[in-house]
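J.: In the numbering used here, the protein residues as written are 1426 to 1655.
Dropping a structure here in structure tokens format, bear with me for questions.
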Amino acid sequence: MSSSHSACGLGNRHVTGPEFVRACIGKEIIVPSRGYIAVINASEVSERELNGFCRRAIYLQACIIIKDTSFVRLSCPELKEMKPCEPGRPVFEIIGNHDLVKVELPTSVKIPDGEKVLVVKQNRRLPVDVIMNLKKICPDCQVLSHQSKCDNLRTVKSVADFINRCGNQPIIVIKEVVLDYPFTETQLNKLFAGVVEVQLCLRIRNSKIRRLEFPKLVRWKSCSPGRASF
């Protein structure tokens, strides 16, 4: 994508983040001029301006930081491809926005191989279905639900402790630990009744369990590479 025709009419001028946002409102191709790293801090623009910037964008190259704002929604419904402002940085860093209830990005949006383009966490009102859509875009990105009490457990003391903490939670993540406890069928079905995403390793042996149900499960990932999930 050439930057010569897509720098939102700014030419080769180096501008501030807010100036870049305002110049690109309503544009379909958003790429900075050569040599300019487009870093946009949402605290320096309005929610209306940032949504105007993103609303019609088909191709976007920038780094957008939305942190500790009162923004309610971010909508980029037409986006087909996005790249960070420079390698190794997220395109969207969305952290600690207490009123945020919507982040709209197409799950089909193309991202560069190996780039972790999203960081989304500590947004207490962001629904689980939004979190799951963002995870579909970038499964290896740090995209966490603030509504789950079990999305980063380090230890489990007992069956009762695990079920008390994680029963009916939407996301359960326990890395580097294999759970090897005498679970009953009732306990496991209660535990997983509301789960949407799981990352753990569960060992079941010498058991009378006949049927396990995961009515809402979208994704199950092993606790660590090379280990079986079950």
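Just so it is clear, CB atoms sit at the ideal spot from N, CA and C, and this is done for glycine as well.
Keep in mind the model is a prediction, meaning the values are calculated, not measured.
Going by the CB atoms, is the gap between glutamate 1506 and isoleucine 1536 shorter than 9 Å?
T.: yes
J.: Taking the alpha-carbon positions, what's the leucine 1543 to valine 1526 distance?
T.: 17 Å
J.: Measuring CB to CB, does serine 1570 end up less than 9 Å from tyrosine 1606?
T.: no
J.: Please return the same chain residues whose Cβ sits closer than 6 Å to the Cβ of glutamine 1567, not counting the five positions on each side in sequence.
T.: Val1544
J.: Hey, is the segment 1583-1594 in contact with the segment 1552-1566, meaning 3+ C-beta pairs nearer than 8 Å?
T.: no
J.: Residues in its own chain within less than 6 Å of lysine 1508 by CB, not counting five upstream and five downstream?
T.: Hits under 6 Å: Gln1486 and Pro1537.
J.: Here's a check: name, in chain order, each residue in its chain whose Cβ is nearer than 6 Å to the Cβ of lysine 1452, leaving out the five neighbours to either side.
T.: Cys1433
J.: Given arginine 1636, which residues of its chain have a CB within under 6 Å of its CB, disregarding the five upstream and five downstream residues?
T.: none
J.: For glutamine 1594, I'd like the list of residues in its chain whose CB is within less than 7 Å of its CB, leaving aside the five on either flank, ordered along the chain.
T.: Contacts found: Ser1573, Lys1574, Cys1575, Gly1619 and Val1620.
J.: Along the chain, where does the alpha helix (DSSP H) containing cysteine 1648 start, and where does it finish?
T.: Neither: cysteine 1648 is in no alpha helix (DSSP H) and is coded neither H nor E.
J.: Taking the CB atoms as reference points, tell me whether cysteine 1626 and valine 1603 lie closer together than 9 Å.
T.: yes
J.: How would you label valine 1456, buried or exposed, when you count the other beta carbons within 10 angstroms and need 16 or more for buried?
T.: buried
J.: Drop a sphere of 10 angstroms on the beta-carbon of isoleucine 1462, count the other beta-carbons inside from all chains shown, and report buried for 16 or more, exposed for fewer.
T.: exposed
J.: Grab the span of the beta strand (DSSP E) containing cysteine 1449 for me, first residue to last.
T.: Cysteine 1449 -> not in any beta strand (DSSP E); alpha helix (DSSP H) instead, spanning 1442-1449.
J.: Rounded to whole angstroms, what is the Cα-Cα separation between valine 1534 and alanine 1482?
T.: 12 Å
J.: Pop quiz: cysteine 1488 and valine 1516 are said to be a contact at Cβ under 8 Å. What is the actual Cβ separation, rounded to whole angstroms?
T.: Confirmed, about 6 Å.
J.: For arginine 1652, collect the residues of the same chain with a Cβ closer than 6 Å to its Cβ; drop the 5 residues on either side in sequence, then sort them by chain order.
T.: Cys1626
J.: So phenylalanine 1587 is in the alpha helix (DSSP H); what residue range does that whole segment cover?
T.: 1584-1591
J.: Do you know whose CA, among Phe1496, Cys1449 and Arg1447, lies nearest serine 1468's CA?
T.: Phe1496
J.: Quick check: isoleucine 1490 and valine 1464, are their CB atoms within less than 9 Å of each other?
T.: Against a cut-off of 9 Å, the Cβ pair of valine 1464 and isoleucine 1490 comes out as a contact.
J.: What's the call for isoleucine 1613, buried or exposed, on a 16-neighbour Cβ count within 10 Å?
T.: Looking at the sequence shown, residue 1613 is not isoleucine but leucine. Burial call: buried.
J.: Considering phenylalanine 1478, what are the terminal residues of the alpha helix (DSSP H) in which it resides?
T.: 1472-1480
J.: Does the distance from the CB of lysine 1560 to the CB of arginine 1438 come in under 9 Å?
T.: Contact: no.
J.: Closest to serine 1654 by C-alpha separation, out of Glu1622, Ile1519, Pro1512 and His1523, would be which residue?
T.: Glu1622
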